[in-house]
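The numbering used here numbers the first residue of the sequence shown as 10 and each following residue consecutively. Note that the Cβ used here is the ideal one computed from N, Cα and C, for glycine as well.
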Amino acid sequence: GFDVIPQSAEEANVPPRQVGRLVVIAVIMATVWYVGVIFTSALGLSAEQLEGSHLATADAVFNMFNSQAAANVLIAGGLAGILTTWNSLLIGASRMIYALSRTGMLPQRLSKLHPKYKTPVNALLLLGVISSIAQFFGTALLDWMVESGSPMIVITYMLVSVSFLILRRREPAMERPLRVGGKGRGGEVIGWFSVVLTVALLLQYLPGMPAQLGWQPWVIFLAWWLAGAFFYFRIPKGIRAGEDVEERLERALQERERQRITSTRVEKH
Numbered sequence: 010g011f012d013v014i015p016q017s018a019e020e021a022n023v024p025p026r027q028v029g030r031l032v033v034i035a036v037i038m039a040t041v042w043y044v045g046v047i048f049t050s051a052l053g054l055s056a057e058q059l060e061g062s063h064l065a066t067a068d069a070v071f072n073m074f075n076s077q078a079a080a081n082v083l084i085a086g087g088l089a090g091i092l093t094t095w096n097s098l099l100i101g102a103s104r105m106i107y108a109l110s111r112t113g114m115l116p117q118r119l120s121k122l123h124p125k126y127k128t129p130v131n132a133l134l135l136l137g138v139i140s141s142i143a144q145f146f147g148t149a150l151l152d153w154m155v156e157s158g159s160p161m162i163v164i165t166y167m168l169v170s171v172s173f174l175i176l177r178r179r180e181p182a183m184e185r186p187l188r189v190g191g192k193g194r195g196g197e198v199i200g201w202f203s204v205v206l207t208v209a210l211l212l213q214y215l216p217g218m219p220a221q222l223g224w225q226p227w228v229i230f231l232a233w234w235l236a237g238a239f240f241y242f243r244i245p246k247g248i249r250a251g252e253d254v255e256e257r258l259e260r261a262l263q264e265r266e267r268q269r270i271t272s273t274r275v276e277k278h
């Protein structure tokens, strides 16, 4: 959930430099936690037991302490972790929909804020409806959705790394509250390493590779890309990168909305 931190940064009164540090800390803590879980499971169960276990970590704790209570405590902690993950992803996804709506990719009504709490209320309602309905499609479809999302997440990380490198080259004087890699070329080295790593991970999903996907996830993957292309081309044309890009984009969206309203009134008369 470290990617939720920058998505929800507008909700918190936190200095930009601190946001960058929190992302790094979250990645380190998640790495330590996952390595610890894998290490514990490997110590507590044999290879045969691991293969036949549905809750490997809980079974490993039971074997290590010979206590069902210890295993139950671990399961309770896991359930609590799932709930906190849902909460953080709901915040991040709603802010992402809100941001896409502000850029014109999604309908403007999804950027509506609650008058009191200033949260993207329509985006939250949309996510709530989708989440409530999704569970009725069965585990097979949910598995395909998760599997199709894996390469898309890796591609997202890769594009972020590419954007990082482009900004370092095109706008070296940009104000950076947290400069990755220091003032030298360390940032470019880190950026290129990230690009190579994400490409290597992406190759793992191709046919014949260890994490190859079936045809169903690839169909969903293609559908998501087509939907993304549709929404991308909804952005007003002629908006070039620059310091005032958000202001120019907002003016273009307002102009497009005025033209739409004018056209609607003309058609009615």
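Mark residue i as exposed unless 16 or more other C-beta atoms lie within 10 angstroms of its C-beta, in which case mark it buried.
i: residue 91; result: exposed
i: residue 140; result: exposed
i: residue 207; result: buried
i: residue 134; result: exposed
i: residue 107; result: buried
i: residue 22; result: exposed
i: residue 68; result: buried
Which partner residues of residue i appear in the DSSP bridge assignment?
i: residue 151; result: Looking at the DSSP assignment, residue 151 forms no beta bridge with any residue, so it has no partner.
i: residue 122; result: 129
Under the assumption that residue i contacts residue j (Cβ atoms under 8 Å), give the Cβ distance between them as a whole number of angstroms.
i: residue 16; j: residue 105; result: 6 Å
i: residue 101; j: residue 13; result: 4 Å
i: residue 87; j: residue 70; result: In fact, because the Cβ distance is near 11 Å, the residues do not count as touching under 8 Å.
i: residue 262; j: residue 113; result: 5 Å
Could you give the residue range of the alpha helix (DSSP H) that holds residue i?
i: residue 8; result: The structure shown does not extend to residue 8, since the chain spans only 10 to 278, so no value can be given for it.
i: residue 110; result: 77-111
i: residue 240; result: 224-241
i: residue 202; result: 195-212
i: residue 13; result: 13-16
i: residue 65; result: 65-74
i: residue 61; result: 56-61
Exercise. Touching or not, the stretch 114-127 and the stretch 180-198, by the rule of three or more beta carbon pairs under 8 Å?
Worked result: The answer is no - the stretch 180-198 does not touch the stretch 114-127, with fewer than three Cβ pairs under 8 Å.
Exercise. Taking contact to mean at least 3 C-beta pairs separated by less than 8 Å, is the stretch 71-87 in contact with the stretch 202-212?
Worked result: Not touching, per the Cβ criterion.
Problem set entry | Three-pair Cβ contact test at 8 Å for the stretch 211-218 versus the stretch 182-189 | No, they do not touch.
Exercise. Are the stretch 36-45 and the stretch 54-70 touching by the rule of at least three beta carbon pairs closer than 8 Å?
Worked result: Result no; under three Cβ-Cβ pairs closer than 8 Å.
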